[in-house]
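Residue numbers (the UniProt record's numbering), protein chains in the order written: chain X, 1 to 285; chain S, 1 to 285; chain A, 1 to 285; chain Z, 1 to 285.
As structure tokens, then:
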């Protein structure tokens with residue numbers, strides 16, 4: 001049987017913790033109740049913490065603002081590492097001056113790229129007969145466009161002009177309330193990729209680049225080895241396998257995607273083995 | 001190199017021909033030019049013909065009406081075998097009295113099921129809090145609903161209630177003009193199936209059930225063995241591999257999906273080998 | 001919760017039963033205990049029965065001999081429908097005189113093809129520099145060859161010469177004792193197909209051709225509709241989804257692949273819904 | 001059309017080059033002819049170079065010895081970064097004292113792990129009834145074991161005991177002479193993973209961890225940004241997409257996997273776009 005440990009007893013042995021966001025710190029209802037006391041504990045003990053999220057719909061600034069607005073003032077912008085940051089880095093390196101990134105998503109998701117000086121054009125505004133300046137394409141968010149029209153338009157754009165395509169969030173779906181889910185931009189990207197037979201560039205856990213980004217950030221604050229870091233997540237296929245592979249210890253929490261009654265079966269059937277299993281990341285004060 | 005034969009020299013050795021529709025008899029522009037003379041030839045020679053189509057957006061009656069309206073009076077309803085017919089047969093067998101089939105598609109696509117006495121409810125009209133009477137679900141057509149809203153609604157419906165799900169057209173996409181394509185209902189079904197991790201029932205070429213349906217129809221008209229039938233199609237992965245597997249001879253035509261300059265490479269890389277390759281199914285009179 | 005019915009109460013409403021073999025009639029230990037009384041019951045009630053098996057390692061004659069040798073005299077050759085029979089039919093139609101089928105498998109598995117007048121050559125005996133007479137290839141059995149040498153030889157044969165490739169058993173693995181499994185020829189074929197990027201022709205449940213073969217056999221004995229037939233199997237992904245799709249009623253038995261404690265979860269997660277669930281196919285006399 | 005540039009004109013704009021090994025520096029016949037003059041050029045210009053290879057069959061020491069033995073004295077151990085190194089790092093972090101890594105591969109492939117103090121046991125020597133000390137498993141090499149026996153034994157081992165499984169080379173196959181290929185350990189791992197339904201940990205290009213390893217090594221020698229590095233490879237799906245994603249410039253060479261006549265088609269159909277295309281990495285002196 002599965003041995004569940006208290007998060008306090010687990011985390012106190014580490015100098016740095018990486019937290020997944022959804023299912024660990026927050027849910028569709030807002031912050032996980034009492035999660036604030038966890039951060040008070042970490043501050044008290046001098047344990048550093050960072051948030052790793054497959055989110056390209058918002059900038060780290062906006063993501064931080066959400067936490068602060070919900071009473072977690074300690075989650076400042078510099079604590080947040082998102083797959084959207086990797087997408088931005090990619091375009092900063094690869095895009096030639098004067099060219100633009102076409103995208104599927106909200107204006108807000110594109111705005112983040114623009115703060116870095118990148119030009120963007122929503123799929124809605126792209127003229128398929130004049131693609132000279134569209135050099136790359138990004139899947140940013142599942143909202144902000146008409147799926148009937150714009151998914152097909154994206155397919156035909158990418159048939160017309162061969163370009164680097166970035167999927168800035170690998171998640172296939174996300175929960176919208178207690179019972180229901182919604183297709184995420186990563187799921188739509190899979191559909192488009194399959195129909196085109198092409199190969200897109202994906203950023204986000206479980207890919208190592210996401211963990212490397214966070215590790216580099218942590219190294220700016222403290223001299224630390226990978227196996228001195230604890231990765232905390234609610235999903236075996238992203239947080240846990242990715243953390244294990246990167247050489248970190250991992251804690252699966254049962255407050256999100258992986259239900260308590262299914263955890264043992266899922267670990268056995270997937271072969272993805274967290275170092276620890278904890279009920280949640282909450283440390284009651 | 002690829003040896004291309006004249007369709008006349010190929011077809012005259014068979015008593016029965018099965019035609020794929022799109023790319024063989026018609027295109028996005030209408031009938032393939034001069035295809036009418038092919039049917040005059042077949043009538044003259046006493047060769048029987050049938051049309052096999054992965055189409056569940058319309059009834060065989062309506063499909064026939066299109067041909068007749070374009071001058072091919074000989075394509076009567078009884079000549080047409082569609083994947084939609086297999087879906088209808090399935091529901092006639094499996095659906096209990098008083099229950100209904102939920103669907104994604106146009107009203108027209110559902111109307112066909114209703115002509116057989118089946119009750120249907122569009123996903124738009126389904127109340128997720130009252131699913132008692134919804135017993136099965138069908139993917140019928142890529143039009144007639146709001147993709148943003150109704151694909152997610154379908155996913156949550158199938159999470160709420162376990163039921164038989166039928167994909168009445170296996171095609172992933174279809175051409176809408178000379179250059180552009182559109183996601184077909186089979187592509188949307190793939191997305192939903194993948195997110196749910198469930199297994200849907202699919203009807204349409206290359207599945208044997210489609211060829212068996214046509215073979216049974218032919219047997220009503222003539223006593224014939226499978227290898228006395230020629231399957232004519234433009235797509236290696238549906239018409240040709242399915243025809244080969246069913247024990248028929250197969251002719252790949254280069255008037256549709258498989259471009260003349262790519263045919264040899266595609267045959268070699270896929271390992272799907274048509275008995276013959278012909279430029280088109282047109283027999284000039 | 002899952003409602004389990006007695007097999008007697010289920011089967012007596014049908015005129016014809018199709019049985020899967022492994023997990024239903026037999027296991028790695030021999031016949032399922034007391035299964036003989038089931039056939040006595042069926043004989044008494046005048047219910048016809050047939051055995052549908054994904055097996056291409058032996059001829060129907062030899063398969064029958066096994067049952068007879070174990071005391072089930074009623075399972076005569078004409079009661080057995082195997083995926084190997086579909087493979088043989090395919091080669092009888094497609095192979096040109098004088099040409100041979102290369103194969104992976106035992107001599108016994110090839111011997112069956114030879115009884116029908118087909119020429120066969122084991123991969124071990126094929127000369128890659130002289131392939132003129134090798135027209136097709138078959139995956140027949142996971143035994144009878146050296147995996148290290150002959151899987152690679154098969155790959156290079158199929159790279160050298162493009163030909164129709166038949167996988168005569170779609171199963172990926174099979175149980176060899178209470179705890180252990182072995183890779184089946186269908187699993188090895190998947191490996192080869194993936195490395196080549198080609199598309200093989202597969203015979204066996206859940207493919208409709210297997211059920212059509214059995215249905216045609218039944219029609220020789222009795223005039224029957226598909227929905228008057230009961231398909232009995234232990235595997236959701238072959239017997240049950242295939243039977244449902246073919247328009248038959250289906251009974252999942254819990255004596256094989258699907259363990260009693262997992263059945264409800266498997267049905268829910270796969271979306272494959274048997275008409276009935278029974279503990280086993282045994283009818284105590 | 002594809003614009004092919006001279007490698008000299010490309011490479012001279014970079015401070016650091018990463019080379020793929022097979023198809024770039026060597027082939028089944030030995031060193032690529034005249035590749036030595038490339039390294040003389042790089043030395044002259046002060047351009048640093050490293051070799052990134054998906055190879056877990058040998059230690060970096062042995063890999064270096066091969067180059068030195070063939071006249072490339074400059075490819076010293078510290079220039080070589082292999083997927084086997086990532087596997088070793090993983091086990092060093094994750095394996096508890098006294099425990100062992102089971103493996104598929106040659107004794108030589110395991111010997112490398114043992115030089116780091118890890119205990120290893122070949123699958124041939126594992127007793128399935130006594131697995132207490134086997135904590136992890138590694139796919140190291142396609143040679144050194146009996147595929148018929150030991151692939152099945154591996155499957156049953158991993159069914160008996162849930163453990164971290166590492167695939168130390170992601171390649172599916174490799175060339176053994178001008179015409180023929182052989183299944184690589186990555187292909188065998190795919191087969192086993194699919195049959196088990198589990199998720200293994202894979203090391204090797206195109207995964208970011210491989211490029212991060214090389215980048216960290218380069219940073220020890222020179223202060224450099226990612227986009228000042230050129231990745232040179234012969235395979236779009238590993239070297240080029242991985243290099244692009246990591247933020248490096250990429251050069252596809254046509255001396256290996258990607259044939260000159262197919263390069264333009266492959267780039268277009270895959271959507272993987274190298275920064276440059278060069279005939280080979282040879283710089284004639």
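Cβ atoms here follow ideal geometry from the backbone N, Cα and C, with glycine treated the same way.
None of these values were measured; they are calculated from a predicted model.
Against chain S, the CB of residue 18 of chain A has no partner CB under 8 Å away; the residue lies outside that interface. Put simply, the backbone Cα of residue 64 of chain S is about 19 Å away from that of residue 89 of chain S. The distance from the Cβ of residue 186 of chain Z to that of residue 162 of chain Z is about 22 Å, inconsistent with a contact at the 8 Å cut-off. Non-local C-beta neighbours of residue 201 of chain X in its own chain, meaning closer than 8 Å and more than five positions away in sequence, comprise 90, 164, 165, 166, 167, ordered along the chain.
In terms of beta-carbon proximity, residue 207 of chain A lines the interface with chain S, with at least one pair separated by less than 8 Å. The C-beta distance from residue 285 of chain S to residue 40 of chain S rounds to 6 Å, short enough to meet the 8 Å contact threshold. Comparing alpha carbon positions, the residue from S:245, S:247, S:239 closest to residue 258 of chain S is S:239. Contacts between residue 98 of chain Z and chain X, judged by CB atoms closer than 9 Å, are missing: the closest CB pair is about 18 Å apart. Note that the C-beta distance between residue 10 of chain A and residue 47 of chain A is not below 8 Å. Per DSSP, residue 265 of chain X is one residue of the alpha helix (DSSP H) stretching across 263 to 270. The beta carbon of residue 196 of chain A sits closer than 8 Å to those of 155, 158, 159, all from its chain and outside the five residues before and after it, given in chain order.
Across the stretch 178 to 200 of chain A, CB contacts with chain Z closer than 8 Å involve 179, 180, 181, 182, 183, 187, 188, 190, 191, 194, 195, in sequence order along the chain.
Closer than 8 Å to the CB of residue 54 of chain A there is not a single CB belonging to chain Z.
Residue range 16 to 20 is occupied by the beta strand (DSSP E) that includes residue 19 of chain S. Residue contact with chain X for residue 39 of chain Z: absent (no Cβ-Cβ distance below 8 Å to any residue of chain X). Shown here, residue 97 of chain Z sits in coil according to DSSP, grouped into three states, outside any helix or strand. Between residue 155 of chain Z and chain A, the shortest Cβ-Cβ separation is below 8 Å. Residue 60 of chain A: member of the alpha helix (DSSP H) spanning 60 to 69, first to last residue. One finds 199 in chain S with Cβ atoms closer than 8 Å to the Cβ of residue 237 of chain A, taken in chain order. At a cut-off of 8 Å between beta carbons, residue 172 of chain Z contacts chain A. Within the same chain, 4, 234, 260, 263, 277, 278, 279, 280 come within 8 Å of residue 254 of chain Z by CB-CB distance, once the 5 residues on both sides are set aside. In this structure, residue 246 of chain A keeps its C-beta atom at 8 Å or more from the C-beta atom of residue 272 of chain A. In the structure shown, residue 33 of chain Z adopts coil according to DSSP, grouped into three states. About 4 Å separates the beta carbons of residue 141 of chain Z and residue 109 of chain Z, which is inside the 8 Å limit, making them a contact pair. Burial state of residue 209 of chain A is buried, judged by a 10 Å Cβ sphere holding 16 or more other Cβ atoms.
For residue 265 of chain S, the closest C-alpha among the options A:104, A:38, A:198, A:182 is that of A:198. Between residue 54 of chain Z and residue 180 of chain Z, the beta carbon gap of about 19 Å keeps them out of contact (Cβ cut-off 8 Å). From the beta-carbon of residue 268 of chain X, the residues of chain Z found nearer than 7 Å are 162.
By the neighbour-count definition (other C-beta atoms within 10 Å, threshold 16), residue 113 of chain Z is a buried residue. Taking all protein chains in view, the Cβ of residue 120 of chain A is crowded by 16 or more other Cβ atoms within 10 Å, so the residue is classified as buried. At a C-beta separation below 7 Å, residue 152 of chain A has these neighbours in chain Z: 182, 183. Cα atoms of residue 130 of chain X and residue 58 of chain X: separation of roughly 29 Å, rounded to the nearest angstrom. Against chain Z, the CB of residue 130 of chain A has no partner CB under 8 Å away; the residue lies outside that interface. Taken through DSSP and simplified to helix, strand or coil, residue 51 of chain Z comes out as strand. For residue 99 of chain A, the closest alpha carbon among the candidates A:193, A:75, A:117 is that of A:117. Residues of chain A whose Cβ lies closer than 7 Å to the Cβ of residue 257 of chain Z do not exist, since the nearest Cβ in that chain is about 13 Å away.
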